[in-house]
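Comments concern the structure below.
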Amino acid sequence: MRYRNALIAVAALLAISPLFGVILSEAVGYHEPLDIAAEAVGLEDLTEQTNWTPFLDYTVPGLPDEVGYIVAGVIGVAVVLALGLGIARLAGRGP
Numbered sequence: 072m073r074y075r076n077a078l079i080a081v082a083a084l085l086a087i088s089p090l091f092g093v094i095l096s097e098a099v100g101y102h103e104p105l106d107i108a109a110e111a112v113g114l115e116d117l118t119e120q121t122n123w124t125p126f127l128d129y130t131v132p133g134l135p136d137e138v139g140y141i142v143a144g145v146i147g148v149a150v151v152l153a154l155g156l157g158i159a160r161l162a163g164r165g166p
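Throughout, our numbering is defined as the position within the sequence shown, counted from one, plus 71.
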């Protein structure tokens, strides 16, 4: 397989992503900087009213946050990979 090492690296990063995105962020009390800034200027949180994605905060409804984080990551990687391969094919450089 041509890109085996790259795929292994991506899989490893996806597997450990909940460690940083869920577990450690909760342990240290991390909050998104834009959320903090919006709160500081008194903006209302419209997340629930404008939610257009089933993957709010990188979670999947019905799954534990850690598993949902990995699933959302796999979907994101698949979309970016598909776009990249599609553009490469259109440019005449793809497989």
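The beta-carbon is built from N, C-alpha and C at its ideal position, and this holds for glycine as well.
Query                                                                                : Result
Span separating the alpha-carbon of residue 121 from that of residue 115             : 12 Å
6 Å CB neighbourhood of residue 143 in its chain, flanking five on each side removed : 126, 129
DSSP state of residue 101 mapped onto helix, strand, coil                            : coil
Test item: CB-CB of residue 140 and residue 89 under 8 Å                             : yes
Buried/exposed call for residue 133, threshold 16 Cβ in 10 Å                         : exposed
Backbone secondary structure at residue 122 - three-state DSSP                       : coil
C-alpha gap between residue 124 and residue 136, whole angstroms                     : 16 Å
For residue 140, three-class secondary structure by DSSP                             : helix
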